[in-house]
Each structure stands twice: as structure tokens, then as C-alpha cells.
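Each remark here refers to the structure printed beneath this line.
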Amino acid sequence: MGHGGEMSVDQAHRGYTVAQDGKGFASVNPLFWKPARDALTREFTGQRCYGYLSFEAFVDAAAACNAGRAAPEDYDGVLPTVATTAGATAILEAGRRSLDASGRTMELVYADAAAETPVGIRALDFS
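Note that the sequence shown ends on residue 251 in my numbering; no numbers are left out.
Put into C-alpha cells, the structure is as follows:
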């Protein structure tokens with residue numbers, strides 16, 4: 125492990141891990157959930173971190189949809205719905221396919237010029 129411990133940053137999971145001799149392994153992400161008390165009030169402040177806020181926004185949206193005050197598509201572009209994340213997911217998938225094909229260029233396919241969500245991925249051939 126090295127002299128006394130090791131620390132690894134993990135951008136994919138928005139956090140980092142720490143391993144220390146005699147203390148073991150820990151997955152630490154202080155921005156997702158902060159178990160510390162406020163410096164002035166000494167009250168718990170974890171509910172203002174993005175992990176808590178993300179769950180709170182999802183629960184509020186689900187309650188509004190269940191009560192008929194909103195529809196799931198009302199949250200496109202606001203919460204990570206399928207419609208909101210489909211483009212980023214397609215880019216990641218195209219990158220994976222490109223790597224699997226030794227760097228071959230991939231193109232996102234759209235239904236028409238106005239579409240924002242890809243409907244497919246195709247390999248390009250420049251020969």
C-alpha cells in the first residue's frame with residue numbers, strides 16, 4: 125500500500141477513497157453527504173449537500189407526479205430523467221464502441237435535424 129496509506133481520486137463516482145494502515149478502507153465524498161455540524165449553530169448540515177438535495181428533489185417530483193400536479197416530462201432538463209441523460213449516455217456508449225473498435229470514429233444518429241436525442245450510433249468508414 126505504500127508508506128502509511130493511499131488515496132485515490134475517482135471522478136467517475138464523484139469522490140475519493142482512502143486506505144490507511146491500521147484503519148482500513150473508506151469511500152469518502154464530503155460534497156455528497158457532510159456528516160459534520162455547522163460551525164456556528166452546531167446543528168447537522170448534511171441536508172444542504174448535493175446528495176441530500178438530489179434525493180429531496182426526486183422525492184418532491186415523484187410526490188407531485190403522484191398527486192397529479194406534474195408529469196414526469198415536466199422534469200426533463202431539471203432532473204436526470206431518461207430524456208435529460210440520453211444524449212450523455214449515447215456519447216459514453218459511442219466512446220466505448222470506438223475504443224472496442226481500435227479508435228474507429230463513431231457517429232450519433234438522430235431522427236432528423238431538429239432532434240435532440242440520438243436514436244442510434246454508427247461506425248464511420250473513411251476508406
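C-beta atoms are modelled at their ideal positions from N, C-alpha and C, and glycine is treated no differently.
In whole angstroms, what separates the C-alpha of residue i from that of residue j?
i: glycine 244; j: alanine 214; result: 8 Å
i: alanine 188; j: alanine 163; result: 35 Å
i: tyrosine 234; j: serine 251; result: 23 Å
i: glycine 219; j: leucine 203; result: 24 Å
i: proline 242; j: arginine 166; result: 49 Å
i: threonine 209; j: proline 196; result: 14 Å
In three-state DSSP terms, what is residue i?
i: methionine 125; result: Low confidence applies to methionine 125: its pLDDT is 46, below 50, so where it sits in the model is not reliable enough to give any reading.
i: glycine 244; result: strand
Please list, in chain order, all residues of the same chain as residue i whose beta carbon is under 6 Å from its beta carbon, the five residues on each side excluded.
i: threonine 205; result: Tyr199
i: glutamate 231; result: Arg246, Leu248
Closer than 7 Å by C-beta to residue i: which residues in its own chain qualify, once you throw out the five before and the five after it? Chain order, please.
i: arginine 228; result: Ser222, Ala247
Going by beta-carbon coordinates alone, are residue i and residue j separated by less than 8 Å?
i: glycine 211; j: glutamate 180; result: no
**Report entry** Ranges of the alpha helix (DSSP H) found wholly within the region 157-234, counting only runs of at least 4
**Finding:** Those alpha helix (DSSP H) runs which fall completely within the region 157-234 and span 4+ residues are 174-190, 206-224.
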